[in-house]
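> Using our numbering, the first residue of the sequence shown is number 21, and each one after it goes up by one.
Just so you know, even glycine gets a beta-carbon here, dropped at the ideal spot from N, CA and C.
Structure incoming, see below.
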Amino acid sequence: DYEHREPQLQMLLAVAQIQARGGILVVEAGTGTGKSLAYLVPSIARAVRHGERVVVSTNTHTLQEQLMSKDLPGLRAWLPWEFKAVLLKGRSNYVSLRRWRRYLAEPCRDAEELRFKLKILIWLHSTESGDRSELRLHGREEVLWANIASDPLDCVGIHCTKEDCYVHRARAEAEAADLVVVNHALLLADAEVGGGLLPDFDHLVVDEAHHLEEAATRGLRQEVDGPGLLALLDRLASTAGAGLLAELQGQPHLGASEDAFGQAIPTSLAAGARVRELFEGAAHWVGARLGDLERRDDSLRLTPVLREDPGWAHVSVAGENAVTALSALDAGLRRAVAGVRDWLGGVEPDQGIRELEIIRGRLAAATGVLDEALLTPDPNRVYWFTLLARTDNLVLRAAPINVGSLLRDRVYAERRSTVFTSAT
Numbered sequence: 021d022y023e024h025r026e027p028q029l030q031m032l033l034a035v036a037q038i039q040a041r042g043g044i045l046v047v048e049a050g051t052g053t054g055k056s057l058a059y060l061v062p063s064i065a066r067a068v069r070h071g072e073r074v075v076v077s078t079n080t081h082t083l084q085e086q087l088m089s090k091d092l093p094g095l096r097a098w099l100p101w102e103f104k105a106v107l108l109k110g111r112s113n114y115v116s117l118r119r120w121r122r123y124l125a126e127p128c129r130d131a132e133e134l135r136f137k138l139k140i141l142i143w144l145h146s147t148e149s150g151d152r153s154e155l156r157l158h159g160r161e162e163v164l165w166a167n168i169a170s171d172p173l174d175c176v177g178i179h180c181t182k183e184d185c186y187v188h189r190a191r192a193e194a195e196a197a198d199l200v201v202v203n204h205a206l207l208l209a210d211a212e213v214g215g216g217l218l219p220d221f222d223h224l225v226v227d228e229a230h231h232l233e234e235a236a237t238r239g240l241r242q243e244v245d246g247p248g249l250l251a252l253l254d255r256l257a258s259t260a261g262a263g264l265l266a267e268l269q270g271q272p273h274l275g276a277s278e279d280a281f282g283q284a285i286p287t288s289l290a291a292g293a294r295v296r297e298l299f300e301g302a303a304h305w306v307g308a309r310l311g312d313l314e315r316r317d318d319s320l321r322l323t324p325v326l327r328e329d330p331g332w333a334h335v336s337v338a339g340e341n342a343v344t345a346l347s348a349l350d351a352g353l354r355r356a357v358a359g360v361r362d363w364l365g366g367v368e369p370d371q372g373i374r375e376l377e378i379i380r381g382r383l384a385a386a387t388g389v390l391d392e393a394l395l396t397p398d399p400n401r402v403y404w405f406t407l408l409a410r411t412d413n414l415v416l417r418a419a420p421i422n423v424g425s426l427l428r429d430r431v432y433a434e435r436r437s438t439v440f441t442s443a444t
């Protein structure tokens, strides 16, 4: 069913040339050009004949599904080369069997949760990918999925076998693939952490490229909200901290660490009080400036002029108190963990220590955002409060004003070639 199109052939040759000599290509390919075939054919040829892996990044799941279910199977039947192409998604799209086993053992709260568990039980007998897209989740099922989705807080890393972990299995398949399809969010997440989420690759094709800057701003955006921060502190005080204190009892050589853990829990409660004061005061200040004309999400940018507002001093002081309390907690946790860090070694790393370190890392990141946004703003970044109308929850957000240099340094610089294409 192939139909010759001159613009498609021109694009195919342009992509082949840029991948051969290296560099950056921008292609505006209007509707009807057939641009996916125009970049897939040379990309597959390059990967198979030269052993240079290609990553294709899209903005929407719709285009990913088109590539994986229509275009690539068609090319596999038509092209004279054997090639492997896989779809790789972010961690939260895959089920964690360790979390599922724990969740399955918990009693069901209602009939809807029971149906969800039965649905997962049946699905796990047939799935090979562990990818939630096979389930077609609706309504509350989306919320229940969060109980069993793969989460770095619950991941034992290299000690989790590929047979028991769909995330590791998906990444292992990507390591063996010629062509890997991802979305912009995963591409940018990989860049943000300095690699490791995607396999090494030589060539990048960015389809729906007009969405990349917006996706980068969203992906590089940091945010902190009161309930989320308080939930982390509560988890620290009740779950991780208490469990570790119980394990440390009777370990004479860890006496100093036991004392440090014992001090960390009251410190986390004090930090929680400061965080609550900050967000309650800030919500009142933001609400007074936004008014209540419409019940929708409202944003207030923290401009230099607004920082001169008389009421800002109260928010700033509350922010300083919260940052001081959270920093003191961080220092205490570092001392506590230092004494037992070697527990992470061996075949079975200690889950309490691992969870504690990750919670500490998330708290430290939130502290950094609070400190920067409220006390030491960076002129290259923008800060704003958003009042979510549905929940009356206040969120503090920060984002780079210009993502171009960040994309250049972290995404394009290490690639042999980059192709940007879109219908507009």
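Does the distance from the CB of Glu154 to the CB of Ser442 come in under 9 angstroms?
Their beta carbons are not under 9 angstroms apart, which means Glu154 does not touch Ser442 by this criterion.
> Please say whether Asp198 and Ala67 have beta carbons closer to each other than 9 angstroms?
The answer is yes: Cβ separation under 9 angstroms.
> Since Phe136 is in the beta strand (DSSP E), which residue starts that stretch and which ends it?
First-last for Phe136: Ala131 to Leu144, but that is the alpha helix (DSSP H), not the beta strand (DSSP E).
> Beta-carbon within less than 6 angstroms of Val431's beta-carbon, same chain only, minus the 5 sequence neighbours each way: which residues are those?
Counting only Cβ-Cβ distances below 6 angstroms, and skipping sequence neighbours, we find Ala211.
> For the alpha helix (DSSP H) holding Val75, just list the boundary residues, first then last.
Element bounds for Val75: not the alpha helix (DSSP H) but the beta strand (DSSP E), Val74 to Thr78.
> What's the call for Trp120, buried or exposed, on a 16-neighbour Cβ count within 10 Å?
Trp120 is buried by the Cβ-count criterion.
> Is the beta carbon of Val244 sitting closer than 9 angstroms to the one on Ala386?
Going by C-beta atoms, Val244 is nearer than 9 angstroms to Ala386.
> With distance defined between alpha-carbon atoms, name the residue in Ala338, Arg401 and Gly159 nearest to Arg321.
Here the closest residue by C-alpha is Arg401.
> Would you mind listing the alpha helix (DSSP H) stretches within the stretch 400 to 435 that are 4+ residues and don't spill past its ends, in chain order?
424 to 427, all fully within the stretch 400 to 435.
> Tell me the rounded alpha-carbon separation between Leu274 and Leu349.
Caution applies to Leu274, whose pLDDT of 47 falls short of 50 and renders its modelled position unreliable; the model cannot decide the point.
> What is the residue span of the alpha helix (DSSP H) that Ser63 lies within?
Where Ser63 is concerned, the enclosing alpha helix (DSSP H) stretches over Lys55 to His70.
> Kindly give me the distance between the Cβ atoms of Arg69 and Val200, rounded to whole angstroms, as I take these residues to be in contact under 8 angstroms.
Contact doesn't hold; Cβ gap of about 18 angstroms is too wide.
> With H, G and I counted as helix, E and B as strand and the rest as coil, what does DSSP make of His188?
In the structure shown, His188 sits in a helix (DSSP, three-state: H, G or I).
> Any contact between the stretch 55 to 66 and the stretch 30 to 38? By contact I mean 3 or more CB pairs, one from each, below 8 angstroms.
Touching, yes.
> With burial defined as no fewer than 16 other Cβ atoms inside 10 Å of the residue's Cβ, what is the status of Lys90: buried or exposed?
When all chains shown are included, Lys90 counts as exposed.
> Kindly list the residues whose CB is nearer than 8 angstroms to the CB of Cys128, restricted to its own chain and excluding five residues on each side of it in sequence; keep chain order.
Excluding residues within five positions, the ones whose Cβ falls inside 8 angstroms are Leu134 and Lys137.
> From Ser77 to Asn203, what distance separates their C-alpha atoms?
Using only the alpha carbons, I get a separation of about 5 angstroms.
> Let me check one thing: in DSSP terms, what residues is Asn203 bridge-paired to?
Asn203 is bridged to Thr78.
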